[in-house]
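The number in my numbering is simply the position in the sequence shown, starting from 1, with 163 added. Beta carbons: idealized from backbone N, C-alpha and C, even for Gly. Keep in mind the model is a prediction, meaning the values are calculated, not measured. Below is one structure, written out as structure tokens; comments come after it.
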Amino acid sequence: MSQPFRDSGSGSVQWCAACGAEWPELAPEPQCASCGGLLEIRHAMPTDASGVPSTGAELQRAFAGHCCARPIGHPSGVWRFQSIVMPSAGDAIVSWPEGNTALLQRRAIAAYVGVEAVHVKHEGMNPTGSFKDRGMTVGTTQAVRVGASAVACASTGNTSAALAAYAAQAGLPALVFVPAGQVALGKLTQTLAYGARTLLVRGDFDDCLRLVQDAARELGIYLLNSINPWRLEGQKTIVFELLQQLGWDAPEWIVLPAGNLGNTAAFGKALREAHALGLIARVPRLASVQAAGAAPFAASFADAFRTRTRVQAETLATAIRIGDPASHDRAVEAIRFSDGVVLSVSDAEILAAKRVIDAAGVGCEPASAASVAGARALVRDGRIRAGDRVVCVLTGHVLKDPGILVRMHQDAAFPEAPPNSPIEIDADVGAVAQVLARDAAMRRAPDAAS
Ligand code: F0G
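This is the structure we're talking about:
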């Protein structure tokens, strides 16, 4: 396993995990220029003004001080951690600002999971409604630093929405490749609104990713998928921030949905660094949760990672409908380092968890609910124990996928759960009273009234 920080030298480098080559911080290739392997950013240890490495307690104080207050602070929950994200960004930073998302506790969600101490970290509260903004603020900043003329990504929808917004802010042309007919409406309309050139590719996400890599290489466009190591530097801050919100008292488990495995990889890197820096005394276990119809990583885990599995993906959680995850190798390292687990949950379990999250007034898109469904499954099979503290990450906002809500509540497409259909009425109070009386009867005798 690689060292989390550089042994010697100042500044940051891009290090190839496959062949060990080291590239300068501003090298524009998103993958190793000699072997094509995935790159990892290695920073120098943060130090005080006289060059002495900072202790964990000093860094904790610095991060608290960087929260909001200018001139040393930044209103972003990503750039607050700049010294371990992109120390030399200077004035190139492209920020909305993003991050600073809530860590919530809701009794109904904890009861559903089956342990008392459940927090949900709601990344849907980011400016474009998903955690992708944290990666994109850093990725777009790097695009500006390397002088990119245009940026591109393949996406199941959220990455493209974030890319479109940040590229617009940076004044860079953006090109997004999404699988035709497989992107939730909220996400597609965001890319159009923010002005990205949107290509509906006849194929799935895995086809889009292959295509955008070829296009980026041949046409000289800067690639901003999570293959790009700077994206992961931004996404690491989900973990730093939730640990800070918990007073640096690490939970036993962090549970997250997994698709292309960028986030799993970023979480593993964050934990490695947080531990090496003395920010936390103990490493939480990661649980990566895939949809059963798109679970190549869970299959590899079941085989002790001896093989890398690829599948033809199918799930109604379109954000994680991915069969050949690009960050497989990095994610293996993350699971191994944190003594983590990988599991899959069915679409029915995802929707059941989503109903609970939505009805608690929190809300999330389907893929996000995989974390809560996964935590519940881990409690049921005894891997999460009654006294464990669990953080479930909700990755995207409820309004990202209005289509699924219409199907759940109006089309009765999922008859196993009661829909909450809107009721059309005449414009008079009597009609309102009738609805209220019917609802009251239903609450008294749920099965009788319908
Ligand atoms: N949750 C949501 C809402 C997502 O949009 C994604 C990925 C994931 C979870 C999985 O994260 O890929 O890092 O394992 N969405 C990507 C996209 C693929 O294009 O928006 P991952």
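query: The ligand F0G heavy atom lying under 6 Å from the CB of Thr391; result: Here residue 391 turns out to be Asn, not Thr, going by the sequence shown. Asn391: no, Cβ never under 6 Å from the ligand F0G.
query: Closest by C-alpha distance to Cys555, when choosing among Ile485, Leu267, Pro581, Arg518; result: Leu267
query: Helix, strand or coil at Ser451 according to DSSP, with G and I counted as helix; result: strand
query: Helix, strand or coil at Arg484 according to DSSP, with G and I counted as helix; result: coil
query: Local Cβ density within 10 Å of Pro447, reported as buried at 16 or more and exposed below that; result: buried
query: Any non-hydrogen atom of the ligand F0G within 6 Å of Leu434 CB; result: no
query: Cβ shell of Thr304 (< 7 Å), same chain only, five flanking positions each side left out; result: Met249, Ala252, Ala255, Ile256, Val257
query: Identified DSSP bridge partners for Thr361; result: Val339
query: Collapsed DSSP secondary structure at Ala612 in the structure displayed; result: Bear in mind that the predicted position of Ala612 carries a pLDDT of just 47, short of 50, making it unreliable; the figure below should be weighed with that in mind. In this structure, Ala612 counts as coil in the three-state DSSP scheme.
query: Close beta carbons around Gln475, own chain, < 7 Å, minus the five adjacent residues each side; result: Gly486
query: Residue-chain proximity (Ala330, chain D), Cβ-Cβ < 7 Å; result: Considering every chain present, this structure includes no chain D. It has just one protein chain.
query: Option in Leu440, His560, Asp544, Val504 with minimal Cα separation from Pro209; result: Leu440
query: Opposing strand residues paired with Ser463 [DSSP bridges]; result: None, per the DSSP bridge assignment.
query: Glu381, enclosing beta strand (DSSP E) - first and last residue; result: Not the beta strand (DSSP E): Glu381 falls in the alpha helix (DSSP H), residues 368-382.
query: 7 Å Cβ shell around Cys231 - same chain, five flanking residues per side excluded; result: Pro238
query: Paired residues, beta bridge with Ala315 - DSSP; result: Leu338, Leu386
query: Where Ser507 falls: helix, strand or coil (DSSP); result: strand
query: C-alpha gap between Ala265 and Lys284, whole angstroms; result: 6 Å
query: Rounded straight-line distance, which links the Cα of Gly236 to that of Gly383; result: 35 Å
query: Ile483 CB to nearest heavy atom of the ligand F0G below 6 Å; result: yes
query: Distance cut-off 6 Å: Ala356 Cβ against heavy atoms of the ligand F0G; result: no
query: Identity of the residue in Leu541, Ala523, Arg471, Lys563 nearest Thr481 by Cα; result: Lys563
query: Any beta strand (DSSP E) of 3 or more consecutive residues that is wholly inside the stretch 252-280; result: none
query: Any non-hydrogen atom of the ligand F0G within 6 Å of Leu160 CB; result: Because the chain here runs from 164 to 613, residue 160 falls outside it and cannot be looked at.
query: Environment of Gly397 [buried if 16+ CB atoms lie within 10 Å]; result: buried
query: Alpha carbon of Ala317 to alpha carbon of Glu579, nearest angstrom; result: 35 Å
query: Proximity winner among Ala536, His560, Leu599, Glu496, relative to Leu651 (alpha-carbon distances); result: Nothing about residue 651 can be reported from this structure: the residues present for the chain run from 164 to 613 only.
query: Thr319: CB within 6 Å of a non-hydrogen atom of the ligand F0G; result: yes
query: Short Cβ contact (7 Å threshold) for Pro420 with Ser490; result: no
query: Exposed unless 16 or more other CB atoms sit within 10 angstroms - verdict on Asn423; result: buried
query: Cβ-Cβ distance between Glu269 and Glu415 below 7 Å; result: Looking at the sequence shown, residue 269 is not Glu but Arg. Contact flag unset, no.
query: Simplified DSSP assignment, three categories, for Glu185; result: strand
query: Glu261 vs Thr300 beta-carbon contact at 7 Å; result: yes
query: Expected contact under 8 Å - CB spacing of Leu434 and Phe340 to nearest Å; result: Their Cβ separation, rounded to whole angstroms, is 31 Å, which puts Leu434 and Phe340 out of contact at 8 Å.
query: Distance cut-off 6 Å: Thr291 Cβ against heavy atoms of the ligand F0G; result: no
query: Local conformation of Lys563 per DSSP, three classes; result: helix
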